[in-house]
Each structure stands twice: as structure tokens, then as C-alpha cells.
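Here is the structure we will look at.
In the working numbering, the protein residues as written are 5 to 173.
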């Protein structure tokens, strides 16, 4: 495996674990606000990010490449209102998309087709992640200022259940 591709994949493990920490922090915020549905949505999001990290971890191991684990930074998003969380989530997903695209470009340059194929799932996943984050912002803008609308949105988010990624390594 190309050294640059290996480095970027290894760094992505840390970025995915940071994402899990960030979403757990968001879940804590909403739990403290009494919005258990929002808390559930972000807790499940954290579980997804943790599993994404493990997919990168397993991929490197399957390729007989060493994995280096780094310290995971404390989430640094300042939250003053509910919308800060939602907009912070979208901004974060855009950063992750950029990171995945950087790895893909490095793999393409190195003609590392196996890594490109592995990343195809993540490219699609990031599109879904950004859409979900955008939709959540739209719903909050439409209904969040009305207590009944917020209650119904909270109920909708409470219904989210976790399903592990179906990527086969």
C-alpha cells in the first residue's frame, strides 16, 4: 500500500472515533434538555461513527498494514442553542466527506484500486450523512420553534434504531 494512502487511512480511524465522541457530546446536550428523541438520534449516530472507525481499522489489518491509534480530542463545538448542534453536525459531516475524498484522490493517484473500491461505500455513506443532517436542519427550522412541532420531531427521532453497516471487507 502506498505510504500516503496508509497514513490517511490510519488518520481516518481517529477522525471517525472523534466523530463518535462529538455525536455523544451532542446526545448528552439533548438528554440534558429533556429531548430524548434527539439524544437517541445522536447516540445512534455515534455508534455508526464508531463502526466506521472499526471498518477502517479492519481494512488496514486485512491489508497487513500497521494501525496506529492516536489520542481522541475532546469535542470542541460551542453549543448555545439546539440549532448549533444540528448545524455543527452538518459542518462536521462536510469535513469528513472532504477527508474521505482526500483519501480517495490519494488512492487514485497511487492506482490503489482495492482501497478505492473500499472507499466507494464511504463516498455513498457521506452523501447520505450530509442529506440526513440537512434534512434535520430543515425540519428543525420548520417545526422547532413550535413546542408541539418540536415534540413531534423529537418523537420521530426517538424511533431511529441502529443498523450496523453492511460493508463486507
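Here a beta-carbon is modelled for each residue, glycine too, at the ideal position from N, C-alpha and C.
Annotation for residue 10: 69 place their beta carbon closer than 6 Å to its own, counting only its chain and skipping 5 residues before and after. Apart from sequence neighbours up to five positions away, the residues of its chain that approach residue 34 with a beta-carbon distance below 6 Å are 42, 43, ordered along the chain. Between the alpha carbons of residue 56 and residue 16 lies a gap of roughly 9 Å.
Here residue 13 is near residue 63, since their CB atoms are less than 8 Å apart. One alpha carbon belongs to residue 149, the other to residue 107, and they sit about 40 Å apart.
Our two residues, residue 134 and residue 143, have alpha carbons roughly 14 Å apart in a direct line. Closest option to residue 127, judged by alpha-carbon separation, among 100, 139, 77: 100.
At the C-beta level, residue 28 and residue 96 stay beyond 8 Å of one another.
Around the Cβ of residue 151, a 10 Å sphere holds fewer than 16 other Cβ atoms; the residue is exposed. In the DSSP annotation of this structure, the continuous segment of the alpha helix (DSSP H) that includes residue 54 starts and ends at 40 to 66.
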